[in-house]
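Numbering (the working numbering), first residue to last: 12 to 225.
Taking it in order: structure first as structure tokens, then the write-up.
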């Protein structure tokens, strides 16, 4: 994790006299928007143990990610039974679940906003659920994950600048530069979204940045 205050030089030198709390908010909000729209930032949570006749479970990042919150589920793998085996359970619409089905090994799940999951059938005992989830920084985070910054630090700075330049009536206000940085930032979100959908394995197909002037 890196403290946001240590990441501000690239932004601060372009919006001089902007207060530090405003810089931090802009950078953090850019990171939150980037993660929310792209679903790029993933974590595999600590295994969850089910209890008999309990169908809802919390999805909480571990102690190594105290500044993150879960926004969606990517995959869940269940483990249990005799002999011991593992299987992937997929998402489904909980309104189609038949309440008369007896408790048993979980076969499907439904995400419950925010950061919970229901499983079906209701477990009949102890199973282990290993969830890979998409995360974003907390609204009051003071640190950001290294893996997010390693690839996207310049793009997050563009997102922060887009917001700052568009604040009216400030010494640094510049709607034209705000628009330019917002286009760069949105292109990065689109690239990250494609990267995530390909499971990061085929490289990034760069989105074209529209021309600002004709």
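Glycine residues also receive a C-beta, built at the ideal position from the N, C-alpha and C atoms.
Quick caveat, the model's predicted, so the values are computed rather than measured.
For residue 184, no beta strand (DSSP E) encloses it, and the DSSP letter there is neither H nor E. For the pair residue 197 and residue 185, the Cα-to-Cα distance works out to about 18 angstroms. Of the residues assessed, residue 157 falls on the exposed side of the cut-off, its CB having fewer than 16 other CB atoms within 10 angstroms. With respect to the 8 angstroms criterion, residue 67 and residue 123 are classified as neighbours on the basis of their beta carbons. For residue 81 against residue 72, the beta-carbon gap comes to about 7 angstroms, under 8 angstroms, which counts as contact.
Rounded to whole angstroms, the separation of the alpha carbons of residue 16 and residue 46 is 19 angstroms.
When C-alpha distances from residue 208 are compared across 86, 107, 91, 96, the shortest belongs to 86. Residue pairing by DSSP puts residue 154 in a beta bridge opposite 14. Taking C-alpha positions only, residue 56 is separated from residue 111 by approximately 31 angstroms.
Here the C-alpha atom of residue 201 lies approximately 44 angstroms from the C-alpha atom of residue 94. A Cβ-Cβ contact shorter than 8 angstroms links residue 70 with residue 126.
Residue 142 and residue 152 have their alpha carbons spaced roughly 23 angstroms apart. The stretch 19-33 and the stretch 170-183 touch, with no fewer than 3 CB-CB distances between them shorter than 8 angstroms. Contact between residue 139 and residue 58 holds: their C-beta atoms lie close to 5 angstroms from each other, under 8 angstroms. Taking C-beta separations shorter than 7 angstroms and ignoring five residues to either side along the sequence, the partners of residue 173 in its chain run 189, 192, 193, 196, following chain order. Classified as exposed, residue 165 has fewer than 16 neighbouring CB atoms from the shown chains inside 10 Å of its CB.
The Cβ-Cβ distance between residue 83 and residue 203 does not fall below 8 angstroms.
Of the residues assessed, residue 20 falls on the exposed side of the cut-off, its CB having fewer than 16 other CB atoms within 10 angstroms.
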